[in-house]
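Top line first, the protein sequences correspond to chains A and B.
As numbered in the working numbering, residues 737 to 848 make up the first sequence, in order.
As numbered in the working numbering, residues 2 to 111 make up the second sequence, in order.
All C-beta atoms in this analysis are idealised placements derived from N, C-alpha and C, irrespective of residue type, glycine included.
In what follows, a structure is listed as structure tokens, so that the remarks can point back to it.
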Amino acid sequence: DGGITQSPKYLFRKEGQNVTLSCEQNLNHDAMYWYRQDPGQGLRLIYYSQIVNDFQKGDIAEGYSVSREKKESFPLTVTSAQKNPTAFYLCASSTLQQETQYFGPGTRLLVL
Amino acid sequence: GEDVEQSLFLSVREGDSSVINCTYTDSSSTYLYWYKQEPGAGLQLLTYIFSNMDMKQDQRLTVLLNKKDKHLSLRIADTQTGDSAIYFCAVLLYGQNFVFGPGTRLSVLP
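Put into structure tokens, the structure is as follows:
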């Protein structure tokens, strides 16, 4: 089955803690994206990557970091610098031509 | 930058047609999309239209694009309770990234 997987489904963060959200795809897509979703708002782009070992900041990158060591994987770290991390995080991927973007099931991050 | 707007809520009766509207500001859009999101889930691509098309039909879904007014709509025929979800309009600008609207929450009443 081809697709995008995200784990965990729910994640709890304590104050001052860094947490990492996993995103894996087996669609052979070159481009991968991280979005943040808050209630009543559209998706906001955090980071994106079009090729291994390269990534660019999106609109709200502060307090987040990413890596792209493999084509299939694009983990997102929510650092302690992100003061309001509670949100639903969505990972997506596309071909470089970007005709369509496919989404994973999401990770809900909650702060304890 | 690009701005994509949608009304936040829509209620319809089961069996009626639903029309969800979207407006955007940048005329250099290449592709325009409709996604569906059910509670607690990711976004599911419903359909998309290339910017040189006026209309696209796919079973119960009809997409209309008015480039002059920068207006995109999604019509769902014979709306069912399973269609209750949030519907996102998204626009891809040439050489740039996707821009999403805030989503329209569709409620289907029995």
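Between the CA atoms of residue j and residue i - distance to the nearest angstrom
i	j	result
residue 783(A)	residue 68(B)	30 Å
residue 747(A)	residue 53(B)	43 Å
residue 758(A)	residue 95(B)	29 Å
residue 775(A)	residue 829(A)	23 Å
residue 808(A)	residue 83(B)	33 Å
residue 781(A)	residue 770(A)	6 Å
residue 787(A)	residue 35(B)	26 Å
residue 47(B)	residue 65(B)	14 Å
residue 22(B)	residue 7(B)	6 Å
residue 17(B)	residue 61(B)	12 Å
residue 25(B)	residue 91(B)	9 Å
residue 70(B)	residue 51(B)	16 Å
residue 802(A)	residue 810(A)	7 Å
residue 41(B)	residue 5(B)	23 Å
residue 28(B)	residue 751(A)	44 Å
residue 797(A)	residue 822(A)	15 Å
Local conformation of residue i per DSSP, three classes
i	result
residue 84(B)	helix
residue 56(B)	strand
residue 26(B)	coil
residue 748(A)	strand
residue 765(A)	coil
residue 78(B)	coil
residue 37(B)	strand
residue 798(A)	coil
residue 810(A)	coil
residue 42(B)	coil
residue 49(B)	strand
residue 805(A)	coil
residue 112(B)	There is simply no residue 112(B) to check, as chain B begins at 2 and stops at 111 in what is shown.
Residue j beta carbon less than 8 Å from that of residue i
i	j	result
residue 740(A)	residue 840(A)	yes
residue 772(A)	residue 838(A)	no
residue 799(A)	residue 817(A)	yes
residue 19(B)	residue 80(B)	yes
residue 99(B)	residue 107(B)	no
residue 820(A)	residue 805(A)	no
residue 33(B)	residue 49(B)	yes
residue 89(B)	residue 44(B)	yes
For residue j and residue i, believed in contact at Cβ under 8 Å, the rounded distance
i	j	result
residue 814(A)	residue 754(A)	7 Å
residue 87(B)	residue 102(B)	With 8 Å as the limit, residue 87(B) and residue 102(B) do not qualify as a contact, their Cβ atoms being about 10 Å apart.
residue 831(A)	residue 767(A)	7 Å
residue 110(B)	residue 15(B)	7 Å
residue 749(A)	residue 812(A)	13 Å between Cβ atoms; not a contact.
Contact with chain A by residue i, beta-carbon distance below 8 Å
i	result
residue 53(B)	no
residue 103(B)	yes
residue 92(B)	no
residue 25(B)	no
residue 42(B)	yes
residue 46(B)	yes
residue 20(B)	no
Closer than 8 Å to chain B by CB, residue i
i	result
residue 761(A)	no
residue 842(A)	yes
residue 747(A)	no
residue 783(A)	no
residue 777(A)	yes
inquiry  = What are the residues in the segment 821 to 840 of chain A lying within 9 Å of chain C by C-beta distance?
reply    = Given the protein chain composition of this structure (A and B), no chain C is represented.
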